[in-house]
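Numbering (the numbering used here), first residue to last: 2 to 416.
Below is one structure, written out as C-alpha coordinates; comments come after it.
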(Lines of atoms letter the chains of each structure in order from A and count residues from 1; the text may use other names and numbers.)
(Lines give C-alpha, C1' and ligand atoms only; values in the text may rest on other atoms or scores of the structure.)
Protein backbone atom coordinates (compact mmCIF):
# COMPACT_ATOMS: atom_id res chain seq x y z
CA UNK A 1 0.00 0.00 0.00
CA UNK A 2 1.42 3.37 -1.05
CA UNK A 3 0.67 5.11 2.26
CA UNK A 4 2.41 2.39 4.26
CA UNK A 5 5.47 2.42 1.99
CA UNK A 6 5.75 6.20 2.16
CA UNK A 7 5.24 6.18 5.92
CA UNK A 8 8.02 3.65 6.46
CA UNK A 9 10.41 5.63 4.29
CA UNK A 10 10.60 8.49 6.81
CA UNK A 11 12.67 8.72 9.94
CA UNK A 12 11.43 7.78 13.38
CA UNK A 13 10.51 11.33 14.50
CA UNK A 14 8.35 11.97 11.45
CA UNK A 15 6.63 8.59 11.72
CA UNK A 16 5.89 9.16 15.39
CA UNK A 17 4.55 12.65 14.76
CA UNK A 18 2.27 11.36 12.00
CA UNK A 19 0.81 8.75 14.37
CA UNK A 20 0.59 11.39 17.08
CA UNK A 21 -1.41 13.68 14.78
CA UNK A 22 -3.89 10.89 14.08
CA UNK A 23 -4.27 10.38 17.82
CA UNK A 24 -4.52 14.12 18.51
CA UNK A 25 -7.36 14.47 16.02
CA UNK A 26 -8.99 11.26 17.23
CA UNK A 27 -9.17 12.58 20.78
CA UNK A 28 -10.18 16.09 19.75
CA UNK A 29 -12.92 15.13 17.30
CA UNK A 30 -14.48 12.46 19.49
CA UNK A 31 -15.40 15.29 21.85
CA UNK A 32 -15.67 18.69 20.16
CA UNK A 33 -18.54 18.00 17.68
CA UNK A 34 -20.81 17.16 20.62
CA UNK A 35 -19.69 19.82 23.11
CA UNK A 36 -22.28 22.44 22.14
CA UNK A 37 -25.15 19.95 22.53
CA UNK A 38 -23.84 18.90 25.95
CA UNK A 39 -23.52 22.49 27.16
CA UNK A 40 -26.98 23.51 25.99
CA UNK A 41 -28.66 20.19 26.83
CA UNK A 42 -27.63 18.35 30.03
CA UNK A 43 -25.90 21.40 31.52
CA UNK A 44 -28.70 23.76 30.45
CA UNK A 45 -26.48 26.72 29.59
CA UNK A 46 -27.99 29.67 27.75
CA UNK A 47 -27.05 30.25 24.13
CA UNK A 48 -24.73 33.14 24.99
CA UNK A 49 -22.89 30.97 27.50
CA UNK A 50 -22.44 28.17 24.97
CA UNK A 51 -21.10 30.70 22.50
CA UNK A 52 -18.74 32.07 25.15
CA UNK A 53 -17.27 28.65 25.96
CA UNK A 54 -16.78 27.75 22.30
CA UNK A 55 -15.50 31.21 21.43
CA UNK A 56 -12.92 31.14 24.22
CA UNK A 57 -11.64 27.80 22.97
CA UNK A 58 -11.27 29.08 19.43
CA UNK A 59 -9.64 32.36 20.46
CA UNK A 60 -7.23 30.73 22.90
CA UNK A 61 -5.99 28.54 20.05
CA UNK A 62 -6.13 30.78 16.98
CA UNK A 63 -5.11 33.90 18.88
CA UNK A 64 -2.14 32.24 20.56
CA UNK A 65 -0.57 30.36 17.67
CA UNK A 66 2.11 33.03 17.31
CA UNK A 67 3.04 32.66 20.97
CA UNK A 68 3.20 28.88 20.63
CA UNK A 69 5.38 29.06 17.53
CA UNK A 70 7.73 31.57 19.15
CA UNK A 71 8.13 29.38 22.23
CA UNK A 72 8.82 26.34 20.04
CA UNK A 73 11.65 28.12 18.23
CA UNK A 74 13.17 29.27 21.53
CA UNK A 75 12.63 26.21 23.73
CA UNK A 76 12.60 23.40 21.19
CA UNK A 77 9.83 21.51 19.44
CA UNK A 78 9.56 18.47 21.72
CA UNK A 79 8.90 20.40 24.97
CA UNK A 80 6.09 22.38 23.32
CA UNK A 81 4.49 19.26 21.84
CA UNK A 82 4.55 17.56 25.22
CA UNK A 83 3.29 20.66 27.05
CA UNK A 84 0.40 21.03 24.58
CA UNK A 85 -0.70 17.41 24.94
CA UNK A 86 -0.40 17.56 28.72
CA UNK A 87 -2.47 20.75 28.85
CA UNK A 88 -5.15 19.25 26.63
CA UNK A 89 -5.26 16.19 28.89
CA UNK A 90 -6.11 18.44 31.81
CA UNK A 91 -8.55 20.56 29.79
CA UNK A 92 -10.57 17.60 28.55
CA UNK A 93 -10.60 15.96 31.98
CA UNK A 94 -11.85 19.21 33.51
CA UNK A 95 -14.64 19.45 30.93
CA UNK A 96 -15.83 16.05 32.08
CA UNK A 97 -16.09 16.85 35.78
CA UNK A 98 -17.19 20.50 36.08
CA UNK A 99 -20.52 22.16 35.38
CA UNK A 100 -20.07 25.81 36.40
CA UNK A 101 -19.55 28.40 33.69
CA UNK A 102 -16.22 29.79 35.04
CA UNK A 103 -14.73 26.29 35.26
CA UNK A 104 -15.98 25.41 31.78
CA UNK A 105 -14.39 28.58 30.38
CA UNK A 106 -11.06 27.69 32.02
CA UNK A 107 -11.23 24.14 30.64
CA UNK A 108 -12.12 25.39 27.19
CA UNK A 109 -9.27 27.92 27.22
CA UNK A 110 -6.84 25.17 28.25
CA UNK A 111 -7.86 22.90 25.38
CA UNK A 112 -7.48 25.76 22.90
CA UNK A 113 -4.11 27.01 24.15
CA UNK A 114 -2.87 23.43 24.05
CA UNK A 115 -3.40 23.39 20.28
CA UNK A 116 -1.52 26.67 19.96
CA UNK A 117 1.44 25.07 21.73
CA UNK A 118 1.81 21.86 19.78
CA UNK A 119 0.50 22.64 16.29
CA UNK A 120 3.32 24.94 15.08
CA UNK A 121 5.90 22.76 16.83
CA UNK A 122 4.68 19.56 15.14
CA UNK A 123 4.77 21.09 11.67
CA UNK A 124 8.17 22.68 12.19
CA UNK A 125 9.57 19.42 13.58
CA UNK A 126 8.33 17.43 10.57
CA UNK A 127 9.73 20.03 8.18
CA UNK A 128 13.13 19.83 9.88
CA UNK A 129 13.20 16.04 10.12
CA UNK A 130 12.00 15.39 6.55
CA UNK A 131 14.42 17.90 4.99
CA UNK A 132 14.19 17.84 1.21
CA UNK A 133 11.26 15.41 1.44
CA UNK A 134 9.01 17.91 3.23
CA UNK A 135 6.37 17.79 0.52
CA UNK A 136 5.97 14.01 0.69
CA UNK A 137 6.08 14.11 4.49
CA UNK A 138 3.24 16.62 4.71
CA UNK A 139 1.19 14.56 2.24
CA UNK A 140 1.47 11.46 4.45
CA UNK A 141 0.93 13.64 7.54
CA UNK A 142 -2.38 14.83 6.09
CA UNK A 143 -3.54 11.24 5.55
CA UNK A 144 -3.11 10.62 9.27
CA UNK A 145 -4.64 14.02 10.05
CA UNK A 146 -7.76 13.28 8.01
CA UNK A 147 -7.98 9.76 9.39
CA UNK A 148 -8.28 11.12 12.91
CA UNK A 149 -10.98 13.57 11.82
CA UNK A 150 -12.92 10.72 10.22
CA UNK A 151 -12.62 8.24 13.11
CA UNK A 152 -12.98 10.63 16.06
CA UNK A 153 -16.66 11.60 15.66
CA UNK A 154 -17.68 7.96 15.17
CA UNK A 155 -16.06 6.87 18.43
CA UNK A 156 -17.35 10.00 20.15
CA UNK A 157 -20.90 9.28 19.00
CA UNK A 158 -20.81 5.85 20.62
CA UNK A 159 -19.34 7.20 23.87
CA UNK A 160 -21.67 10.21 24.01
CA UNK A 161 -24.65 7.88 23.64
CA UNK A 162 -23.64 6.59 27.09
CA UNK A 163 -22.56 9.89 28.68
CA UNK A 164 -20.73 12.91 27.31
CA UNK A 165 -18.65 13.04 30.48
CA UNK A 166 -17.34 9.60 29.56
CA UNK A 167 -16.35 10.99 26.16
CA UNK A 168 -14.39 13.79 27.88
CA UNK A 169 -12.56 11.38 30.17
CA UNK A 170 -11.71 8.96 27.35
CA UNK A 171 -10.41 11.86 25.25
CA UNK A 172 -8.32 12.99 28.23
CA UNK A 173 -6.97 9.45 28.60
CA UNK A 174 -6.01 9.43 24.91
CA UNK A 175 -3.98 12.60 25.39
CA UNK A 176 -2.46 11.31 28.63
CA UNK A 177 -1.18 8.21 26.84
CA UNK A 178 0.00 10.38 23.95
CA UNK A 179 1.93 12.62 26.36
CA UNK A 180 3.64 9.64 27.99
CA UNK A 181 4.58 8.11 24.63
CA UNK A 182 6.11 11.36 23.39
CA UNK A 183 8.10 11.90 26.60
CA UNK A 184 9.57 8.44 26.20
CA UNK A 185 9.81 7.93 22.44
CA UNK A 186 10.03 11.29 20.65
CA UNK A 187 13.67 12.30 20.11
CA UNK A 188 14.75 15.82 20.92
CA UNK A 189 14.02 18.04 17.92
CA UNK A 190 16.79 18.17 15.35
CA UNK A 191 16.68 21.98 15.52
CA UNK A 192 15.89 22.68 19.20
CA UNK A 193 15.09 26.32 18.71
CA UNK A 194 16.82 28.74 16.40
CA UNK A 195 20.11 29.70 18.07
CA UNK A 196 20.04 33.19 16.64
CA UNK A 197 16.59 33.78 18.15
CA UNK A 198 18.14 33.64 21.60
CA UNK A 199 20.09 36.77 20.80
CA UNK A 200 17.06 38.68 19.52
CA UNK A 201 13.94 39.97 21.21
CA UNK A 202 10.59 38.39 20.52
CA UNK A 203 9.29 41.64 19.04
CA UNK A 204 12.36 41.78 16.81
CA UNK A 205 11.56 38.31 15.47
CA UNK A 206 7.95 39.25 14.85
CA UNK A 207 9.00 42.43 13.04
CA UNK A 208 11.27 40.34 10.82
CA UNK A 209 8.34 38.12 9.85
CA UNK A 210 6.00 41.05 9.21
CA UNK A 211 8.70 42.62 7.00
CA UNK A 212 8.68 39.49 4.81
CA UNK A 213 6.08 40.89 2.42
CA UNK A 214 5.84 37.81 0.22
CA UNK A 215 5.11 35.62 3.24
CA UNK A 216 2.46 38.01 4.58
CA UNK A 217 0.77 38.31 1.17
CA UNK A 218 0.86 34.52 0.80
CA UNK A 219 -0.80 34.12 4.22
CA UNK A 220 -3.52 36.64 3.36
CA UNK A 221 -4.24 35.00 0.00
CA UNK A 222 -4.33 31.51 1.51
CA UNK A 223 -6.83 32.64 4.13
CA UNK A 224 -9.42 32.37 1.38
CA UNK A 225 -8.67 28.66 1.01
CA UNK A 226 -9.50 28.11 4.68
CA UNK A 227 -12.74 30.04 4.40
CA UNK A 228 -13.69 27.82 1.45
CA UNK A 229 -12.67 24.53 3.07
CA UNK A 230 -14.52 25.45 6.29
CA UNK A 231 -17.79 25.42 4.38
CA UNK A 232 -17.86 21.66 4.87
CA UNK A 233 -18.74 22.58 8.48
CA UNK A 234 -20.92 25.61 7.75
CA UNK A 235 -22.59 26.16 4.38
CA UNK A 236 -22.94 22.55 3.26
CA UNK A 237 -24.49 21.26 6.53
CA UNK A 238 -26.79 24.31 6.70
CA UNK A 239 -28.02 23.64 3.18
CA UNK A 240 -28.32 19.91 3.89
CA UNK A 241 -30.62 20.54 6.84
CA UNK A 242 -32.67 23.05 4.83
CA UNK A 243 -33.37 20.69 1.93
CA UNK A 244 -33.68 17.41 3.87
CA UNK A 245 -37.16 18.00 5.25
CA UNK A 246 -36.52 16.27 8.58
CA UNK A 247 -33.78 16.27 11.19
CA UNK A 248 -33.03 12.57 10.68
CA UNK A 249 -32.70 12.95 6.91
CA UNK A 250 -30.52 16.00 7.43
CA UNK A 251 -28.22 14.07 9.76
CA UNK A 252 -27.89 11.27 7.21
CA UNK A 253 -27.04 13.70 4.42
CA UNK A 254 -24.48 15.53 6.58
CA UNK A 255 -22.88 12.22 7.55
CA UNK A 256 -22.65 11.34 3.85
CA UNK A 257 -20.93 14.66 3.12
CA UNK A 258 -18.28 14.00 5.76
CA UNK A 259 -17.87 10.39 4.65
CA UNK A 260 -17.25 11.44 1.05
CA UNK A 261 -14.93 14.25 2.11
CA UNK A 262 -12.86 12.15 4.50
CA UNK A 263 -12.77 9.11 2.22
CA UNK A 264 -11.45 11.07 -0.75
CA UNK A 265 -8.88 12.82 1.43
CA UNK A 266 -7.56 9.50 2.68
CA UNK A 267 -7.61 7.75 -0.70
CA UNK A 268 -6.43 10.60 -2.90
CA UNK A 269 -3.81 12.53 -0.93
CA UNK A 270 -0.61 10.81 -2.08
CA UNK A 271 -1.75 10.29 -5.65
CA UNK A 272 -2.81 13.90 -6.07
CA UNK A 273 0.38 15.24 -4.50
CA UNK A 274 2.56 13.08 -6.76
CA UNK A 275 0.55 13.98 -9.85
CA UNK A 276 0.82 17.72 -9.21
CA UNK A 277 4.45 17.70 -8.05
CA UNK A 278 5.63 15.97 -11.22
CA UNK A 279 3.95 18.50 -13.50
CA UNK A 280 3.90 22.00 -12.02
CA UNK A 281 5.64 24.45 -9.75
CA UNK A 282 4.41 24.71 -6.13
CA UNK A 283 2.58 27.96 -6.86
CA UNK A 284 0.76 26.43 -9.83
CA UNK A 285 -0.17 23.41 -7.72
CA UNK A 286 -1.60 25.70 -5.05
CA UNK A 287 -3.56 27.66 -7.66
CA UNK A 288 -4.91 24.41 -9.12
CA UNK A 289 -6.10 23.33 -5.68
CA UNK A 290 -7.79 26.69 -5.08
CA UNK A 291 -9.45 26.44 -8.49
CA UNK A 292 -10.87 23.04 -7.54
CA UNK A 293 -12.18 24.50 -4.31
CA UNK A 294 -13.86 27.33 -6.21
CA UNK A 295 -15.32 24.82 -8.67
CA UNK A 296 -16.81 22.90 -5.74
CA UNK A 297 -19.51 25.55 -5.29
CA UNK A 298 -20.68 25.54 -8.90
CA UNK A 299 -22.94 22.52 -8.35
CA UNK A 300 -24.84 24.07 -5.38
CA UNK A 301 -25.13 27.29 -7.38
CA UNK A 302 -26.77 25.49 -10.29
CA UNK A 303 -28.99 23.43 -7.96
CA UNK A 304 -30.06 26.33 -5.73
CA UNK A 305 -33.61 26.26 -7.09
CA UNK A 306 -33.97 22.53 -7.70
CA UNK A 307 -35.65 19.88 -5.56
CA UNK A 308 -34.30 17.81 -2.71
CA UNK A 309 -32.64 15.12 -4.83
CA UNK A 310 -30.90 17.54 -7.17
CA UNK A 311 -29.70 19.72 -4.32
CA UNK A 312 -28.54 16.69 -2.34
CA UNK A 313 -26.48 15.37 -5.25
CA UNK A 314 -25.02 18.85 -5.72
CA UNK A 315 -23.94 19.02 -2.09
CA UNK A 316 -22.22 15.62 -2.30
CA UNK A 317 -20.42 16.73 -5.47
CA UNK A 318 -19.42 19.94 -3.72
CA UNK A 319 -18.01 18.04 -0.73
CA UNK A 320 -16.03 15.79 -3.07
CA UNK A 321 -14.44 18.63 -5.04
CA UNK A 322 -13.78 20.59 -1.86
CA UNK A 323 -11.94 17.60 -0.40
CA UNK A 324 -9.86 17.13 -3.55
CA UNK A 325 -8.95 20.80 -3.61
CA UNK A 326 -8.01 20.78 0.07
CA UNK A 327 -5.71 17.75 -0.22
CA UNK A 328 -4.14 19.28 -3.32
CA UNK A 329 -3.31 22.46 -1.42
CA UNK A 330 -2.12 21.23 1.98
CA UNK A 331 1.36 19.74 1.32
CA UNK A 332 2.40 22.56 -1.03
CA UNK A 333 1.07 25.13 1.44
CA UNK A 334 3.09 23.69 4.34
CA UNK A 335 6.22 23.39 2.20
CA UNK A 336 5.88 26.94 0.87
CA UNK A 337 5.73 28.37 4.39
CA UNK A 338 9.08 26.74 5.17
CA UNK A 339 10.66 28.03 1.95
CA UNK A 340 9.38 31.57 2.46
CA UNK A 341 10.75 31.51 6.01
CA UNK A 342 14.23 30.82 4.66
CA UNK A 343 14.17 27.85 7.09
CA UNK A 344 14.63 30.28 9.98
CA UNK A 345 12.13 30.62 12.85
CA UNK A 346 9.97 28.03 11.11
CA UNK A 347 7.61 27.41 14.05
CA UNK A 348 7.15 31.16 14.54
CA UNK A 349 6.25 31.50 10.85
CA UNK A 350 3.71 28.70 11.20
CA UNK A 351 2.28 30.39 14.28
CA UNK A 352 2.03 33.78 12.57
CA UNK A 353 0.45 32.16 9.51
CA UNK A 354 -2.15 30.32 11.59
CA UNK A 355 -3.00 33.48 13.49
CA UNK A 356 -3.75 35.35 10.25
CA UNK A 357 -5.75 32.37 8.97
CA UNK A 358 -7.71 32.16 12.24
CA UNK A 359 -8.80 35.79 12.01
CA UNK A 360 -9.72 35.23 8.36
CA UNK A 361 -11.83 32.18 9.17
CA UNK A 362 -13.70 34.10 11.87
CA UNK A 363 -14.49 37.03 9.57
CA UNK A 364 -15.20 34.78 6.60
CA UNK A 365 -17.65 32.61 8.51
CA UNK A 366 -19.45 35.61 9.95
CA UNK A 367 -19.76 37.02 6.44
CA UNK A 368 -20.83 33.72 4.89
CA UNK A 369 -23.49 33.07 7.52
CA UNK A 370 -24.88 36.58 7.17
CA UNK A 371 -24.97 36.42 3.38
CA UNK A 372 -26.75 33.05 3.42
CA UNK A 373 -29.48 34.42 5.69
CA UNK A 374 -29.94 37.64 3.69
CA UNK A 375 -29.87 35.88 0.32
CA UNK A 376 -32.52 33.37 1.36
CA UNK A 377 -34.74 36.11 2.73
CA UNK A 378 -34.35 38.12 -0.50
CA UNK A 379 -35.14 35.13 -2.72
CA UNK A 380 -31.64 34.89 -4.25
CA UNK A 381 -30.22 31.58 -2.98
CA UNK A 382 -27.51 31.59 -5.66
CA UNK A 383 -25.70 34.62 -4.26
CA UNK A 384 -23.72 32.94 -1.42
CA UNK A 385 -22.45 30.18 -3.70
CA UNK A 386 -21.46 32.75 -6.31
CA UNK A 387 -19.59 34.71 -3.65
CA UNK A 388 -17.63 31.61 -2.59
CA UNK A 389 -16.74 30.88 -6.22
CA UNK A 390 -15.50 34.42 -6.71
CA UNK A 391 -13.40 34.18 -3.52
CA UNK A 392 -11.75 31.00 -4.79
CA UNK A 393 -11.04 32.51 -8.21
CA UNK A 394 -9.54 35.62 -6.61
CA UNK A 395 -7.25 33.55 -4.38
CA UNK A 396 -6.16 31.30 -7.25
CA UNK A 397 -5.40 34.37 -9.35
CA UNK A 398 -3.35 35.87 -6.51
CA UNK A 399 -1.32 32.69 -6.18
CA UNK A 400 -0.65 32.55 -9.92
CA UNK A 401 0.66 36.12 -9.82
CA UNK A 402 2.96 35.30 -6.93
CA UNK A 403 4.14 32.21 -8.75
CA UNK A 404 4.80 33.98 -12.05
CA UNK A 405 6.93 36.55 -10.23
CA UNK A 406 8.90 33.63 -8.72
CA UNK A 407 8.23 35.02 -5.26
CA UNK A 408 6.83 31.69 -4.00
CA UNK A 409 10.05 29.89 -4.88
CA UNK A 410 11.84 31.25 -1.82
CA UNK A 411 15.40 30.07 -2.09
CA UNK A 412 14.49 27.06 -4.24
CA UNK A 413 14.41 26.71 -7.98
CA UNK A 414 10.97 25.66 -9.20
CA UNK A 415 10.23 23.98 -12.48
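Glycine residues also receive a C-beta, built at the ideal position from the N, C-alpha and C atoms.
The three-state secondary structure of residue 189, taken from DSSP, is coil. Rounded to the nearest angstrom, the Cβ distance from residue 93 to residue 112 is 6 angstroms, consistent with a contact under 8 angstroms. Taking 8 angstroms as the cut-off, the beta carbon of residue 88 is found no closer than this to the beta carbon of residue 60. Residue 3 places its beta carbon 8 angstroms or farther from that of residue 142. For residue 336, the enclosing alpha helix (DSSP H) has its first and last residue at 309-341. If only complete runs of 4 or more residues are kept, the segment 162-188 shows the alpha helix (DSSP H) at 165-186, in order along the chain. Rounded to whole angstroms, residue 380 and residue 249 show a C-alpha spacing of 26 angstroms. Annotation: the segment 202-246 contains the following complete segments of the alpha helix (DSSP H) (minimum length 4 residues), in chain order: 203-211, 214-230 and 236-245.
When C-alpha distances from residue 294 are compared across 272, 315, 225 and 148, the shortest belongs to 225.
If you compare the alpha carbons of 384, 258 and 230 with that of residue 242, the shortest gap goes to 258.
Boundaries of the alpha helix (DSSP H) around residue 351: 347-379. Per DSSP, the unbroken alpha helix (DSSP H) holding residue 383 starts and ends at 383-405.
Between the alpha carbons of residue 392 and residue 229 lies a gap of roughly 8 angstroms. Counting other Cβ atoms within 10 Å of its Cβ, residue 274 reaches 16 or more and is therefore classed as buried. DSSP places residue 99 outside any alpha helix (DSSP H), giving it a letter other than H or E.
Considering only 215, 351, 378 and 385, the residue with the shortest C-alpha distance to residue 71 is 351.
In the same chain as residue 338, and ignoring 5 residues on each side of it, the C-beta atoms closer than 7 angstroms to its own belong to 350, 351 and 354, in chain order.
Nearest to residue 188 by C-alpha distance, out of 390, 383, 340 and 16, is 16.
When secondary structure is reduced to three states using DSSP, residue 10 falls in the coil class, being assigned neither helix nor strand. Here the alpha carbon of residue 341 sits roughly 21 angstroms from the alpha carbon of residue 328.
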